[in-house]
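J.: In UniProt numbering, the protein residues as written are 1 to 239.
Where a beta carbon is used, it is the ideal one built from N, C-alpha and C, also for glycine.
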Amino acid sequence: MKKLFIFFLLSNLIFSMSSEEILTRLDYNMTPESVSYEGEMIIHREDKKYIKKFVMDAVGNEKSFIVFKYPARDRGTKYLRNGKNLWIYMPSTSRTVKISKHMLKESMMGSDISYDDQTDRNKYSTLYNSEITQETPTQYVLNLIRKEGEEAKYYRQILWINKNTLTIDKGEMYANSGKLLKEFIVDEIKKIGDRYYITIFRIDDKLKKNSYTELILTEIKLNPDLSESIFTLKNLERK
Numbered sequence: 001m002k003k004l005f006i007f008f009l010l011s012n013l014i015f016s017m018s019s020e021e022i023l024t025r026l027d028y029n030m031t032p033e034s035v036s037y038e039g040e041m042i043i044h045r046e047d048k049k050y051i052k053k054f055v056m057d058a059v060g061n062e063k064s065f066i067v068f069k070y071p072a073r074d075r076g077t078k079y080l081r082n083g084k085n086l087w088i089y090m091p092s093t094s095r096t097v098k099i100s101k102h103m104l105k106e107s108m109m110g111s112d113i114s115y116d117d118q119t120d121r122n123k124y125s126t127l128y129n130s131e132i133t134q135e136t137p138t139q140y141v142l143n144l145i146r147k148e149g150e151e152a153k154y155y156r157q158i159l160w161i162n163k164n165t166l167t168i169d170k171g172e173m174y175a176n177s178g179k180l181l182k183e184f185i186v187d188e189i190k191k192i193g194d195r196y197y198i199t200i201f202r203i204d205d206k207l208k209k210n211s212y213t214e215l216i217l218t219e220i221k222l223n224p225d226l227s228e229s230i231f232t233l234k235n236l237e238r239k
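(1) Who pairs with R81 in a beta bridge, going by DSSP?
(2) Under the rule that 16 or more other beta-carbon atoms within 10 Å means buried, what is D194, buried or exposed?
(3) Could you tell me whether the region 106-116 touches the region 213-222, where touching means 3 or more Cβ pairs closer than 8 Å?
(4) Does the structure place the region 175-192 close enough to the region 200-212 that three or more beta carbon pairs sit under 8 Å?
(5) So who's on the other strand from Y124, going by DSSP bridges?
(6) With distances taken Cα to Cα, identify the nearest neighbour of D47 among N210, D225 and E151.
(7) Alpha carbon to alpha carbon, what distance is there between D120 and F5?
(8) Just checking my contact of Y115 with L86 at CB under 8 Å: how many whole Å lie between their CB atoms?
(9) With a CB to CB cut of under 6 Å and the five nearest residues on each side skipped, what residues in its chain are close to Q118?
(10) Quick check on DSSP: helix, strand or coil for L10?
(11) Could you tell me which residues DSSP puts in a beta bridge with G39?
(12) Please check the pair L159 and L144, which I expect to be a contact at CB under 8 Å, by giving their CB distance rounded to whole angstroms.
(13) Would you call the region 134-142 in contact with the region 63-78, where contact means no fewer than 3 C-beta pairs closer than 8 Å?
(14) Going by beta-carbon coordinates alone, are residue 240 and Y70 separated by less than 8 Å?
(15) Excluding the five sequence neighbours on either side, which residues of its own chain have a C-beta within less than 7 Å of the C-beta of E106, listed in chain order?
(16) With a CB to CB cut of under 6 Å and the five nearest residues on each side skipped, what residues in its chain are close to N44?
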């Protein structure tokens, strides 16, 4: 009986938080009710580097608006996401194009980041079932499997969660077949108010050779008051 008691005590100590509690806190950090920031996208291809700059506003789980500012050839290109709908405005032709649902996994601006990666704000706890598979002194390792009926962009994810901040240190994204698609590595986290927010990270596309994209976020505002008029086709097509 004594040995059994010690076993249960140690089990509770080993996994001091449940996977659901960890995801809830992770969601709190990563998906505030609204967010606004400036972004610098650094695309690495072989020995070449391409830099793009943009501004992003987002509210709720489904609305986001992105305007590219640099380089000159991309200036004025805009993206509007509302639910599963995505529109792109191209200033060179003054045309608005709606991206079909199956195209959301395609590359944004030639980067390793997909339209879905950048514009989707659904919460992990909504999309995935989770379990803790390992715990170290500094990290929880979570295995996430897409919930039945949900439309998560990846079937499975493995997340290494920082115990101090309850944010992601590293992530691996897998297809239904088990193939590793992308790797997500965090380089910097900042505390903003009572949240820990990822400010510098990189995404490696494992289906491409010698290819990765860094993203640096600055001028971050969490829970700003954003007008609904931002997230409209009228605003998208405004010159």
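T.: Based on what the coordinates show:
(1) R81 pairs with S64 and L86.
(2) Exposed is the call here.
(3) Flag = yes, the region 106-116 and the region 213-222 touch.
(4) Yes, they touch.
(5) Under the DSSP definition of a beta bridge, Y124 lacks any partner.
(6) Nearest C-alpha to D47 among N210, D225 and E151: N210.
(7) Bear in mind that the predicted position of F5 carries a pLDDT of just 42, short of 50, making it too unreliable to give a figure here.
(8) Indeed they touch by this definition, with Cβ atoms about 6 Å apart.
(9) So the qualifying residues of the chain are M108.
(10) Here L10 scores only 41 on pLDDT, less than 50, and its place in the model is too uncertain to base an answer on.
(11) Per DSSP, F54 and L217.
(12) So it is a contact: roughly 7 Å between Cβ atoms.
(13) No: the two stretches stay apart, fewer than three of their Cβ pairs being nearer than 8 Å.
(14) Any question about residue 240 goes unanswered here, given that the chain covers just 1 to 239.
(15) Within the same chain, E106 has close Cβ partners S114 and Y115.
(16) Just to set this straight, residue 44 is His in the shown sequence, not Asn. The answer, listed in chain order, is Y212.
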